[in-house]
Ligand code: HEC
Ligand code: HEC
Ligand code: HEC
Ligand code: HEC
Ligand code: HEC
Ligand code: HEC
Ligand code: HEC
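Numbering (our numbering), first residue to last: 195 to 677.
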């Protein structure tokens, strides 16, 4: 009997040892690396077939050979303060997140959490901030707003409040949806003004107790309207895939997505057919209009029925988006909802060429209507019949705007003494410049330059007191049907 137990126990031990050895020889991470090498080889082979230059061919053949001979190995990322991270051992093909967060100083855990020494998928990923969505607003204070490796504050906790974007984004109207709540309550006669009694700064509208004071459509209002978009667990209102797609906080603007929200980069652990990722592991501030339009201009809302109808030409919008390039006519028809009026620049420019940093990421104040929250005005760029646009000379070489080229390569060279535009509300517009007779705007997204026509000296028939866009659109109206 004893013998039998002993025999079984040793058998078990041998099995365990064998299994561990097998794992040691053939760990999961080596598969991901091999898949990555193979993928690189086939990419380079395609390229080889295309080039004619002999020197280039030779280089490519060498590169192919070196990938073919490469052996998987543990990748230790040694950070500046001596900490070691091994996430790249599996995520070998992953793109650099951005040039301002280089992986050899930032590593991965600063944004993702997790256990960076582990080479086992489950333990490595335990306690990650927000899984595949570290930019979700619920955990952004830990990921984007946490302390950097060397103890400096990232996007929260700074002396200069303008740098604390995690805090301002959380309180901005795009995150709180206080505007939706307020409009609907006013429509139903629950409030006389835009103020919503008891709603506090930063409180998200779907957590407001009893938004319609118990009326029958309260539940559907919460579900169809307030609970959408980048709130905890909310889904984008994109009727693009059968699966559920989440738009999450900072990522919903800063990580570009394709219509299916699938990953197309070089990381072999991430499956190309699984929804819920940006296109590549890359933060950007060059945000094109179709990224904003994953929430905006998708269709129309019926406040009474609490229904959302997708715009009828959505198929075309998505086809053009997938193609990646759109002509002026495509852009004109895809940009806004059919039937809307706009001036030419409202389509030739991208949303973020007009909408300022405080428009998109909040200014720390509490708004309950979009109209109050918007900072930009037509006159900020065009002036009025009597006034030129407001500008200011850049004097301080330590000014934050000198850091713009770090995040946006399209930023036009800036020198001390150059004259930039300012909004009436006092925000700088450093992509807009005045020099002599020239009033020039450079697009943040495409880098294209535009001459800004001024109202002063033109035949414009505007009424000086009526500066709202609706007044301008009475005369300056283009639509997709009448470009
Ligand atoms: C500056 C913050 C930051 C750093 C540093 C960072 N990431 Fe990410 N990572 C993100 C964000 C934001 C996303 C979400 C992207 C999305 O929505 O698809 C992400 C997504 C991912 C994904 C999912 C695939 C994808 O692209 O969506 C993987 C895998 C990943 N990161 C691994 C890593 C690894 C490994 C490192 C270190 C080499 C790292 N990350 C460094 C911010 C960061
Ligand atoms: C043993 C291999 C391995 C290691 C080590 C590893 N990962 Fe992963 N990671 C994977 C695999 C495989 C996936 C894809 C999982 C899936 O499709 O559900 C993944 C997915 C992810 C994702 C996307 C999550 C999602 O839900 O799709 C993130 C973010 C990520 N890893 C970050 C990290 C970070 C940060 C580290 C280091 C702390 C790390 N990983 C270490 C294998 C690994
Ligand atoms: C995840 C969804 C989502 C994305 C992505 C998004 N928005 Fe919004 N945005 C909203 C919602 C919802 C509101 C209205 C909130 C309300 O009225 O309560 C809004 C309001 C606005 C407003 C009016 C209020 C203000 O803050 O000035 C502007 C301007 C705006 N968005 C511009 C943009 C731009 C530009 C982008 C792209 C860079 C963008 N949005 C991307 C959801 C989104
Ligand atoms: C609605 C879209 C939107 C959302 C959501 C958003 N951003 Fe931004 N962000 C922008 C745009 C547009 C710019 C470029 C404007 C500028 O810098 O003046 C920008 C610029 C930035 C910059 C400045 C880069 C520089 O040049 O200094 C940082 C940092 C940043 N965002 C961080 C965040 C963080 C952190 C979050 C989440 C808490 C976030 N953003 C959410 C649209 C967005
Ligand atoms: C040429 C500049 C310009 C462009 C481009 C532009 N906007 Fe605006 N937008 C404005 C101005 C100016 C206002 C304020 C309107 C007013 O005066 O009442 C505004 C207002 C808004 C509002 C608030 C509406 C309200 O009821 O007050 C939203 C939301 C908005 N824009 C979103 C967007 C989105 C999304 C895009 C890109 C698809 C975009 N805008 C492109 C200039 C622009
Ligand atoms: C951020 C700066 C900016 C803002 C804000 C802005 N514009 Fe423009 N506008 C331009 C630029 C640049 C051009 C030249 C566009 C081009 O050549 O495609 C232009 C062109 C125009 C033109 C002449 C082109 C034409 O034939 O339509 C009119 C009219 C105009 N804008 C009206 C408006 C109105 C109305 C608003 C407010 C809704 C507005 N603009 C807001 C920058 C701006
Ligand atoms: C009653 C009609 C009317 C209204 C209202 C109106 N405009 Fe004009 N605007 C014109 C006419 C006519 C011209 C000269 C013809 C042209 O150049 O398009 C003009 C010219 C302009 C130009 C110069 C265009 C160029 O190419 O040189 C700008 C910029 C402009 N308007 C902006 C505005 C803005 C901003 C508003 C709203 C605050 C506005 N306009 C309101 C009729 C109007």
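Glycine included, each C-beta is placed from N, C-alpha and C at the ideal position. Given the structure is predicted, the values throughout are model-derived calculations rather than measurements.
Cβ shell of residue i (< 8 Å), same chain only, five flanking positions each side left out
i, result
"residue 448", "329, 477, 478, 479, 481"
"residue 668", "none"
"residue 657", "665"
"residue 321", "307, 308, 309"
"residue 210", "Its pLDDT being 44, under 50, residue 210 is placed unreliably in this model, and the coordinates cannot settle the point."
"residue 268", "223, 280, 283, 313"
"residue 373", "367, 561, 562, 563, 564, 567"
"residue 595", "588, 608, 614, 622, 624"
Beta-carbon contacts of residue i that lie in its chain and below 6 Å, excluding the five residues immediately before and after
i, result
"residue 664", "none"
"residue 305", "328, 337"
"residue 206", "The pLDDT assigned to residue 206 is 49, lower than 50, so where the model puts this residue is not dependable; a value taken from the coordinates is nonetheless given after this. Closer than 6 Å at the Cβ level, and outside the excluded window around residue 206, lies no residue."
"residue 670", "537"
"residue 619", "569"
Heavy atom of ligand 2 within 7 Å of residue i beta-carbon
i, result
"residue 633", "no"
"residue 315", "yes"
"residue 515", "no"
"residue 266", "no"
"residue 448", "no"
Proximity of residue i and residue j at Cβ, strictly below 8 Å
i, j, result
"residue 550", "residue 598", "no"
"residue 575", "residue 615", "yes"
"residue 370", "residue 399", "yes"
"residue 649", "residue 538", "no"
"residue 313", "residue 297", "no"
"residue 375", "residue 331", "no"
"residue 601", "residue 294", "yes"
"residue 274", "residue 299", "yes"
Own chain, CB closer than 7 Å to residue i, minus 5 neighbours either side, in chain order
i, result
"residue 450", "472, 473, 478, 485"
"residue 257", "238"
"residue 216", "A caution first: residue 216 carries a pLDDT of 47, below 50, which makes its placement in the model unreliable, though a value can still be read off. Closer than 7 Å at Cβ, skipping near neighbours: no residue."
Proximity test, residue i beta-carbon vs ligand 4 heavy atom, cut-off 7 Å
i, result
"residue 637", "no"
"residue 679", "In this structure the chain extends from 195 to 677, so residue 679 is not present and cannot be described."
"residue 551", "yes"
Boundaries (first-last residue) of the beta strand (DSSP E) holding residue i
i, result
"residue 626", "622 to 629"
"residue 614", "613 to 616"
"residue 495", "493 to 496"
"residue 635", "632 to 636"
Ligand 3 heavy atom lying under 7 Å from the CB of residue i
i, result
"residue 538", "no"
"residue 629", "no"
"residue 546", "yes"
"residue 572", "no"
"residue 488", "yes"
"residue 604", "no"
heavy atom of ligand 7 below 7 Å from residue i C-beta
i, result
"residue 542", "no"
"residue 668", "yes"
Residue i beta carbon near ligand 5 (any heavy atom closer than 7 Å)
i, result
"residue 577", "no"
"residue 663", "yes"
Span of the alpha helix (DSSP H), counted from its first residue to its last, around residue i
i, result
"residue 475", "Premise fails: residue 475 is in no alpha helix (DSSP H) and is neither H nor E."
"residue 415", "412 to 415"
"residue 510", "508 to 517"
"residue 704", "Residue 704 cannot be examined here, being either before or after the span of the chain that is shown, 195 to 677."
"residue 299", "297 to 300"
"residue 546", "545 to 548"
"residue 585", "Here residue 585 belongs to no alpha helix (DSSP H); instead the beta strand (DSSP E) covers 585 to 587."
"residue 463", "First-last for residue 463: undefined, no H or E at that position."
heavy atom of ligand 6 below 7 Å from residue i C-beta
i, result
"residue 624", "no"
heavy atom of ligand 1 below 7 Å from residue i C-beta
i, result
"residue 648", "no"
Handout entry: At least 3 beta-carbon pairs within less than 8 Å: the region 374 to 385 vs the region 404 to 413
Key = yes
Handout entry: Sufficient close CB pairs (3 or more, under 8 Å) joining the region 509 to 521 to the region 344 to 360
Key = no
Practice task
Count the C-beta pairs between the region 453 to 466 and the region 282 to 301 that are closer than 8 Å, then say yes if the count reaches three, no if not.
Solution key: Yes: the two stretches touch, three or more of their Cβ pairs being nearer than 8 Å.
Problem - Inter-stretch contact (C-beta, 8 Å, three-pair minimum) for the region 524 to 542 and the region 491 to 509 - result: yes
Practice task
Would you check if there are 3 or more beta carbon pairs closer than 8 Å linking the region 261 to 279 to the region 230 to 242?
Solution key: yes
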